[in-house]
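To keep things clear, I will list the structure first and then write my remarks on it.
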Amino acid sequence: MAKALFIFAVLLLAAAATIDAGVSPAPAPAPKPGVVLPKVPATKSALVKVLILNKSSKDLVIKVKELGPKAKAIVAKADKWTGVGEFKVSLTLNHILHLTVSVKNEKNMLVTKELALNLFNRVKRDLEGKKFVVLKAVEDRKKLANGKVKKFLSIWLDAKIVLSINLSV
Numbered sequence: 092m093a094k095a096l097f098i099f100a101v102l103l104l105a106a107a108a109t110i111d112a113g114v115s116p117a118p119a120p121a122p123k124p125g126v127v128l129p130k131v132p133a134t135k136s137a138l139v140k141v142l143i144l145n146k147s148s149k150d151l152v153i154k155v156k157e158l159g160p161k162a163k164a165i166v167a168k169a170d171k172w173t174g175v176g177e178f179k180v181s182l183t184l185n186h187i188l189h190l191t192v193s194v195k196n197e198k199n200m201l202v203t204k205e206l207a208l209n210l211f212n213r214v215k216r217d218l219e220g221k222k223f224v225v226l227k228a229v230e231d232r233k234k235l236a237n238g239k240v241k242k243f244l245s246i247w248l249d250a251k252i253v254l255s256i257n258l259s260v
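At position 15 of the sequence shown the residue is numbered 106 (the numbering used here), and the sequence of numbers has no breaks.
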């Protein structure tokens with residue numbers, strides 16, 4: 092017990108000594124010299140339109156969350172091009188555009204998922220004028236080891252899948 096009290100007292104004195112000495116925590120590391128973050132004024136904005144090519148056999152319902160309560164649901168019909176909005180956004184460094192995508196699964200139940208798109212990554216430094224984000228919806232099938240087939244809807248942006256919705260139940 093005496094040893095524990097002695098160790099506690101020594102630690103307490105050491106902590107007090109470092110506080111009195113004015114020892115501060117280590118400084119933050121300097122940024123890497125090759126990385127230059129762009130300076131984006133808050134006043135820059137652009138008109139954004141989302142274009143969807145629906146190559147699946149199911150209709151999609153899309154809403155833009157940034158429009159708030161006045162957002163209308165847009166139905167992207169099968170095998171058709173559909174445009175969502177033309178709405179004004181402020182392109183700050185981390186501006187994310189949120190889309191709600193809904194589709195009916197095999198049991199005719201509505202499945203809803205949210206898709207987040209970083210607009211700054213899409214337009215880089217070209218921050219003015221009209222911007223288009225082109226999405227492609229494709230219905231895919233994957234054969235499982237037990238012989239069953241799993242269906243899902245993939246939404247592509249350029250050459251990568253940004254959202255996948257399971258249609259099998």
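Beta carbons are placed, not taken as given, at the ideal position from N, Cα and C, and that holds for glycine.
Note that this is a predicted model, so its numbers are computed, not measured.
- Per DSSP, the continuous beta strand (DSSP E) segment holding Leu151 begins and ends at 151–155.
- Taking Lys154 as the centre and dropping the five residues before and after it, the same chain places the C-beta of Ala162, Ala164, Thr191 closer than 6 Å to its C-beta, in chain order.
- Positions of the alpha helix (DSSP H) runs, each at least 4 residues long and wholly inside the segment 161–244, are given as 210–214 in order along the chain.
- Separation of Lys156 and Gly174 (C-alpha to C-alpha, rounded to the nearest whole angstrom) is 16 Å.
- A distance of 8 Å or more separates the beta carbons of Lys222 and Val260.
- Under the three-state reduction of DSSP output, Val101 falls in the helix class.
- For the pair Ala228 and Lys146, the CB atoms are nearer than the 8 Å cut-off.
- Here Leu226 really is in contact with Leu248; their C-beta atoms are around 6 Å apart, less than 8 Å.
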